[in-house]
Structures are given as C-alpha cells and as structure tokens.
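What follows is a single structure, written as structure tokens, with notes after it.
Number of protein chains: 4
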Amino acid sequence: MSIVTGDERRVGRPRSEDRDRAILDAALDLLVEQGFAGLSMEGIAARAGVGKATIYRRWKSKAEVVVEALGGHVCQLGELPDTGDVRRDLVSMYRALLETFKGADGAMMAAFAAEKVRHHELRDEFDRTFVADRRRHMRQLIERGVAEGRFPPDSNIELLAEVGPALLWHRFTMRHGLLPDDLPEQIVAQFLPEPT
Amino acid sequence: MSIVTGDERRVGRPRSEDRDRAILDAALDLLVEQGFAGLSMEGIAARAGVGKATIYRRWKSKAEVVVEALGGHVCQLGELPDTGDVRRDLVSMYRALLETFKGADGAMMAAFAAEKVRHHELRDEFDRTFVADRRRHMRQLIERGVAEGRFPPDSNIELLAEVGPALLWHRFTMRHGLLPDDLPEQIVAQFLPEPT
Amino acid sequence: MSIVTGDERRVGRPRSEDRDRAILDAALDLLVEQGFAGLSMEGIAARAGVGKATIYRRWKSKAEVVVEALGGHVCQLGELPDTGDVRRDLVSMYRALLETFKGADGAMMAAFAAEKVRHHELRDEFDRTFVADRRRHMRQLIERGVAEGRFPPDSNIELLAEVGPALLWHRFTMRHGLLPDDLPEQIVAQFLPEPT
Amino acid sequence: MSIVTGDERRVGRPRSEDRDRAILDAALDLLVEQGFAGLSMEGIAARAGVGKATIYRRWKSKAEVVVEALGGHVCQLGELPDTGDVRRDLVSMYRALLETFKGADGAMMAAFAAEKVRHHELRDEFDRTFVADRRRHMRQLIERGVAEGRFPPDSNIELLAEVGPALLWHRFTMRHGLLPDDLPEQIVAQFLPEPT
DNA sequence: ACATAAGCGAGACGGTACGTCTCGTCTTCTG
DNA sequence: CAGAAGACGAGACGTACCGTCTCGCTTATGT
Chain A
1 MSIVTGDERR
11 VGRPRSEDRD
21 RAILDAALDL
31 LVEQGFAGLS
41 MEGIAARAGV
51 GKATIYRRWK
61 SKAEVVVEAL
71 GGHVCQLGEL
81 PDTGDVRRDL
91 VSMYRALLET
101 FKGADGAMMA
111 AFAAEKVRHH
121 ELRDEFDRTF
131 VADRRRHMRQ
141 LIERGVAEGR
151 FPPDSNIELL
161 AEVGPALLWH
171 RFTMRHGLLP
181 DDLPEQIVAQ
191 FLPEPT
Chain B
1001 MSIVTGDERR
1011 VGRPRSEDRD
1021 RAILDAALDL
1031 LVEQGFAGLS
1041 MEGIAARAGV
1051 GKATIYRRWK
1061 SKAEVVVEAL
1071 GGHVCQLGEL
1081 PDTGDVRRDL
1091 VSMYRALLET
1101 FKGADGAMMA
1111 AFAAEKVRHH
1121 ELRDEFDRTF
1131 VADRRRHMRQ
1141 LIERGVAEGR
1151 FPPDSNIELL
1161 AEVGPALLWH
1171 RFTMRHGLLP
1181 DDLPEQIVAQ
1191 FLPEPT
Chain C
2001 MSIVTGDERR
2011 VGRPRSEDRD
2021 RAILDAALDL
2031 LVEQGFAGLS
2041 MEGIAARAGV
2051 GKATIYRRWK
2061 SKAEVVVEAL
2071 GGHVCQLGEL
2081 PDTGDVRRDL
2091 VSMYRALLET
2101 FKGADGAMMA
2111 AFAAEKVRHH
2121 ELRDEFDRTF
2131 VADRRRHMRQ
2141 LIERGVAEGR
2151 FPPDSNIELL
2161 AEVGPALLWH
2171 RFTMRHGLLP
2181 DDLPEQIVAQ
2191 FLPEPT
Chain D
3001 MSIVTGDERR
3011 VGRPRSEDRD
3021 RAILDAALDL
3031 LVEQGFAGLS
3041 MEGIAARAGV
3051 GKATIYRRWK
3061 SKAEVVVEAL
3071 GGHVCQLGEL
3081 PDTGDVRRDL
3091 VSMYRALLET
3101 FKGADGAMMA
3111 AFAAEKVRHH
3121 ELRDEFDRTF
3131 VADRRRHMRQ
3141 LIERGVAEGR
3151 FPPDSNIELL
3161 AEVGPALLWH
3171 RFTMRHGLLP
3181 DDLPEQIVAQ
3191 FLPEPT
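Written out as structure tokens, the structure reads:
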C-alpha cells in the first residue's frame, strides 16, 4: 500500500506513476523468477532502473512491495459467477481458484502465503486482495442455496462455504499440488450434494 | 541430511553427537521463537555454544540444518486412536491436530509450511514428520468405515479422509487460527454424517 | 591507495572524508597498539565506527589500508638542522631518530619494517614517509662536510652518511633497543672524527 | 626450542626424530616458498605427512617451529675465521653475512626478523642461533686488534664491533638489499682503517 | 518567470549474516 | 604411549543485502 494515498500533496514534483509500475513489474518478474527469498530490493531497483530510495519512498519494506505487486496481479479473477445454479457457480469458483494455484500465479501465491506467517500486514492484504471477495460470495451462494432448499436446512453454512477452498488449499500446499481437473466437481458431489 | 552419512569414516576424532543435538536443539528453539527468516547460522552457533564451522561441517546450508532439526523432532501425535467407533476416532484425531496447531508445534508447522515452498527436501521431511502417519491412519479409518457401512458406499474416500485436516489447516493458515474447540465435532457432523 | 583516485565520479552520494580519516586513524592506532598481525579489518571498522563495506569500498586489502594510513601519518622529524656545524647537525639528527625509535613512532616503524618484507607498496611508502628526507639531508651534510674539509677528502660519502642511521637501526631492531642517550655523540666521535 | 629437551623421558613410545626433521623441513620449504604469513600449521602438517598434534607436542607455536627450522638451517656459517689478520677476518665475516643476506637465506632472515618484533622468544632465539656467536667473535677480534695496536687505543670497541653488521643490516632491510660485493672492504676501509 | 520543494538515480553508509579459513586444542583409533 | 586424522570453539576474512542517508540533478506548482 502506498505510504501516501490521499491527495493532500500539492507542491513539489509529483511521484511518477511510471516508477510505481516499473517497480511493481520488476518485483513481480523477479518474484516469479527467483521466489521471495531470491528477491532483493537492490535487484528490484536495478531491474526497474530506479534508485532504492524511490522504492522506500513508496513502501516501507520488501514485504509491502510484494504485497502490492502480487495484489495488482492476481485480482484478475474474472467476475464472480451468479447464474442462479448454486452448484454450477461453486464449481466455477473452485475451478478459478484451482487455475490460480496451477499456472505461474500458483508459485506466487505460495510464496506469498509463506511470507504471511511473518508479516501480518501481508496476511491482511492477502486476505483483502484475493480472498475476501471470493469468501463473501461463496458464503452468499451457500446461504441462498440453503434458503432455497438446495442444501439441507440444518447445514453448517460456515463450513459448507469453506470446504471447497479448504480442500483446494490443502491439496496445493500440503499435497504438492495434487489438483486433478475434476476436483471441483468431486468436491461438490461429495460435500454439497442435492438433498434427497 | 548429514553430509557424511555412510560409516566409511574411521580415523580422526569422530563427530560429537552432543554437538549434533545441541545444534539441532538450538535451531529448533530459534525456529519456533523467530521463524525461519529470523534464524541465523550465527545465532544457532551462539545458542548451541558451537563454532560455525562445526555446523557447516555437518550441513551445507541453513535449510538442511532445519530439515534435520525437524526430522529429529518427535511430533507428539498422541496415540492413533482405534476404538472401533470411526467418528469418535476421527474427532480424536481432529482434536489432536487442532491442539498441535494451537501449541508450540503449531508455530513450528507454520514456519515450516512457509519454507516448504522453497526447499523440497524440507517439504518431504515435513510430510514424514507431521503428516504421513496421520494421513495413513485417517484413510484407513475412512476405508474401514465405508466397508462397514458407516459411510455411504459411494463416498469419495480420498476427499472424506482429507476434509478434516483440510478445514483445520485452512482455518489455521488462512483464517488466522479461528479454531473453536468444537470444530472437530462440527466437521464430523457436517461432512461425515451417519448414513440415513 | 584509494580504489577510486580520479575525479571522474560525479553521481551518487560522495564518499565521506570523515570516514577516510576515521578509518586511517583507527588503523594507525591499532597498528601501534597491536602490530600488523593483530590488526583486523573488523577491529578497524569497530574502532572507526564504520561498516566493513565502507573500508572495502576504499581499499582492497589490509595492506593497502595500512599503506595509506602510513602515508597520511606525518612523522615528526622536527626541522632538518642546518647550523653550519656539520657534527652538531648530525648529532641532532641522530638524536631525533633515536627519539623516534623510543616514542610511539618507534613501535610503528618496527611494525612497518616487519611488514615491508611482504608488501612492496608498503616498503616504498615507508621509505617516503620515514626515511627519504632524512637520508637526503644527511647525505648533503656529509657532502658539504667533505667539501669544506671537515671530513677527510677520501671519505666514503655513502657509508659516512649511512653509518649513524645504520647503527641506531641495528641497536633498535637487533639489540632490543639498547639506545643510550649519548649514542649520537659516540657515533660521531668514533666514525666522523675531525681530521687531524 | 623443543618442549622436552632433557632426557628424563624413558617410558612409552619415543618421539620419532624422523618427524622432527620432516616437520622442520616442511616448515622451511613453505617459509621459503610463501613467507611467514603464507605459512600455516595445517600446511606444515600436510606437507610433512604428520598430524598437527605431533607438531604442537614439540613446539608451542608457529613461531617456535620457525625458530628451530630457521635456526637449524642458517647456522652453517662455516668456521669463525681467525687468521691473525684482524681486517681480513672481519672482511670474511662481513662477506659471510652478506652472502647470507643475498641467497634464499636472506628472504628467510628477513621473514624471521619481521616476526621478531612480535615474538620475544623468536628474538632471543634468533639472537642465540645466529647472531650471538658472530657478535662475540667480532668483539674479540676488535678487542685483540685494539690490544695489538691495530686500531687506535681510544676506539669505541662496542661501536667498532657493531658497525659492519649494522651497515650490512641497514642496507639489507632499509635499502632493499643494496649490497655490492666489495661492501665488506668498503666498510673496513672507511671505519676500521690502519692507524697512521 | 522563476523560486520552491519534492522526486529522482546513484550510490555511500552502519549493520548483520553469509560461508570459508586458520588458529591452537581436544579426542578418537591404530601401531 | 606416540602418532595420523580430524573435530572443535573462536573469530577474521571478504561479499551481499538490508533500510537509511546524502548528493546533484530534474520537474511541476504557485506565486
């Protein structure tokens, strides 16, 4: 998050948005190429053709640069689906998440998740940037589904909303990315079946 | 993994097992206290009362020290329960896992999980130490449960065996440890219900 | 000699002359206190309140730091005497040299002399700093003395100019500093007597 | 100096003289090849095919090994001349010293002298091994010369005995080895002339 | 129009940790 | 026991980044 976000600044040379972008792009490139550990501020500055101070003027730490670099990148999840068919919507969302885990974004998410442990700001930003919306939407889908009688009325909504992401995340982080393409359907079939 | 693993060495002063232990203990302590990133070889050496060379004589890098530190660590899983009542056994295991997350081992697991991404050896050791036995046991419980008709015969065994750990892990890593004490029961009630 | 000597650098923060001085002073102090061998880059950095990189940015090795430390050191020769009385002038110079050996500069000269053997740059700088002026002046005194008939006309000027420093140096380095106060007079009386 | 010099040892396996020699030879070789600074105990041990403890059992430090290595080597100065002709004897001795300074021995003496500054044991041993005898002999020659009227009766014997070695040493250490072959004769002619 | 104030690239700065090296000591097994 | 091998604690080596701090520009703005 940019240190100065408001528009209260008026005098002096304004910050160049070119540099913002150059820095974030460089950070992202290097992150993908070498992972979080191989990422150095010196490297970002060099790659972006920018002085280190120009980075630190905008962000307080390596972690924050990466937060924003990654945040700007991953948020292109497409629209949250809402077709009226809850199960189809959930499968869509699971699949979008699954695709995120695969591809280059997966490595980035993993790297990011790894750093969350140590940097609470990162954790929150991670949440805000590409978890919160999805979570909210899934919850609404489930709630509506329960209300419409598509899931049993005594369902544990909280868990039901969480089970898909949880299984995908578990597969990704704890089972070395064992993510078959039909996993979304499997999950729905097993844990969100139609009431008999 | 120790640099010299065979028993071909015979001459000269043998490596001191005291030092092995002192180093690994120090590494583990510091890992829990400060996380992987806050862990320095210099710190380990100082805490273990050992020269840096004594560490590098045994392991090639920080990662390798940690792998072995982890390997030497006996994760207190408690006994793997087997009472004949599948659901009770699963609740027991979920609870043990939940306690692990809450205790000192939890911090350690988080720290390791973060590093797994970058170090495959670490990932494997992590699996061996914290995960493999439990996973195997849970799967057996589920398989037996299905065989005995305690779960529907068309259950997705793989997912059923995974859903509990997945939800706990998700709560722990992605929801900042939102782990109510009755979560095991909730999970079983929602996802592993008795067949009607 | 400083790594960057030209004035081609223009951009970036300029090197601080304060640090140059702090480093060289620290080096010189430690050299006198502990000798060349007891001199560590880490020690210099600590004493100068400077990071090690700041030293290595300027010099490539310990030897080069010392060379320059020595170069910056103004050896207090006192004025080169020229009273017209050759023998009195020589006694003065011998005494100044003797005092140099006895004082802090003596320890320094010994330390440097020891190291000269291994580092030719050091040898030359040592010569420039401690020796060259004195040598030239003594030679001139002797030459004039011979010209004026104060020494026999067939004198070996080279040796005559050298005998005093040689004896003092020999006493200092080979006889543990056996340097009685009247040694200058003894030398003149024995080796530079008035022609009969 | 060997740590155990007496012959009070009787029990157990006796020290191998082969090893003494192997160690000293290795030390000397390496000293000549790389100088005192490039000399490591590890290197000596390896070159001699000997354990480090075997060296430390005999000598307390690197310096002492070198003392003995060098001592054993240089003492082959030949007989101290005593022909009855004082000046010829002195020229002989000066020349022997001069030859020592030239050759490979010179580098060794310089290396040795350099270390004397820091190691008093070295200084004393240096003295004992290849200075003391010569000095005593020169002094006797001079004393006899004065007694026999070959030098003026009011000569400063101490200085007269010292002037040759002092000039040679000065040339060697302070003038980069400016040692012409007739320097011995020059010295005698200038500073030890026949009384008129 | 021009002063002002901030932005900027470059890179120096005090630190900290890296992985390597040698010191002089210690500990084992072999002869 | 001596000896070869080599582990050991200590601590310096020279390198790489960290996040901060100057420098001498450059670039809008607001007077």
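Chains as they are written, first to last, in this note's numbering: chain A, 1 to 196; chain B, 1001 to 1196; chain C, 2001 to 2196; chain D, 3001 to 3196. Here a beta-carbon is modelled for each residue, glycine too, at the ideal position from N, C-alpha and C.
Any idea what DSSP makes of residue i, helix, strand or coil?
i	result
D:Phe3130	helix
B:Phe1036	coil
B:Asp1029	helix
D:Asp3154	coil
D:Trp3169	helix
C:Gly2071	helix
A:Val91	helix
D:Glu3148	coil
A:Lys102	coil
B:Pro1184	helix
C:Gly2043	helix
B:His1119	coil
B:Thr1054	helix
Return the CA-CA distance between residue i and residue j, expressed in angstroms with no decimal places.
i	j	result
B:Gly941	B:Ser1016	In the structure as shown, chain B begins at 1001 and stops at 1196. Residue 941 of chain B is therefore absent and cannot be evaluated.
B:Asp1124	B:Leu1159	21 Å
B:Trp1169	A:Gln34	27 Å
B:Pro1180	A:Phe126	23 Å
B:Arg1095	A:Ala110	27 Å
C:Leu2167	C:His2176	13 Å
D:Ser3092	C:Ala2046	53 Å
B:Ala1053	B:Met1041	10 Å
A:Ile142	B:Glu1079	37 Å
B:Glu1194	A:Leu97	31 Å
D:Phe3191	D:Ala3026	42 Å
D:Thr3005	C:Tyr2056	The pLDDT assigned to D:Thr3005 is 42, lower than 50, so where the model puts this residue is not dependable, and the model offers no usable value.
D:Arg3019	D:Arg3058	10 Å
D:Val3065	C:Gly2071	35 Å
D:Thr3100	D:Gln3140	22 Å
D:Phe3196	D:Pro3153	Per the sequence presented here, residue 3196 of chain D reads as Thr, with Phe not at that position. Their backbone Cα atoms lie some 12 Å apart in a straight line.
C:Asp2082	D:Val3032	45 Å
A:Ile157	A:Ile187	16 Å
B:Lys1060	B:Glu1115	17 Å
Taking C-beta pairs closer than 9 Å, name the residues in chain B that residue i reaches, listed in chain order.
i	result
A:Glu115	Ala1037, Ala1114
A:Gln140	Correct list: empty, because the minimum Cβ distance to chain B is about 18 Å.
A:Thr173	Ala1113, Lys1116, Val1117, Trp1169, Thr1173
Going along chain B, which residues have a C-beta under 7 Å from residue i?
i	result
A:Pro165	His1170
Cβ closer than 8 Å: which chain B residues qualify as neighbours of residue i?
i	result
A:His176	Arg1123
A:Val131	Met1174
Interface residues of chain A around residue i at Cβ under 7 Å?
i	result
B:Glu1162	Leu167, His170
Is the distance from the Cβ of residue i to the Cβ of residue j below 8 Å?
i	j	result
B:Leu1090	B:Gly1164	yes
D:Ala3113	D:Met3138	no
D:Gly3103	D:Phe3172	no
C:Leu2030	C:Leu2039	yes
B:Met1108	A:Val131	no
C:Leu2122	C:Val2067	yes
B:Val1086	B:Gly1145	yes
A:His119	A:Ala189	no
Chain C partners of residue i, CB-CB under 8 Å?
i	result
D:Ser3061	The contacting residues do not exist; D:Ser3061 stays about 12 Å from chain C at best.
D:Leu3090	Those do not exist, as D:Leu3090 stays about 15 Å from chain C at its closest Cβ, beyond 8 Å.
List the residues of chain D that residue i touches, going by C-beta distances under 8 Å, in chain order.
i	result
C:Leu2070	Within 8 Å Cβ-Cβ: nothing; C:Leu2070 doesn't reach chain D, min ~15 Å.
C:Ala2189	Asn3156
Along chain A, which residues have their Cβ under 8 Å away from the Cβ of residue i?
i	result
B:Leu1028	What B:Leu1028 touches in chain A: nothing, since even the nearest Cβ is about 17 Å away.
B:Leu1159	Leu167, Gln186, Ile187, Gln190, Phe191
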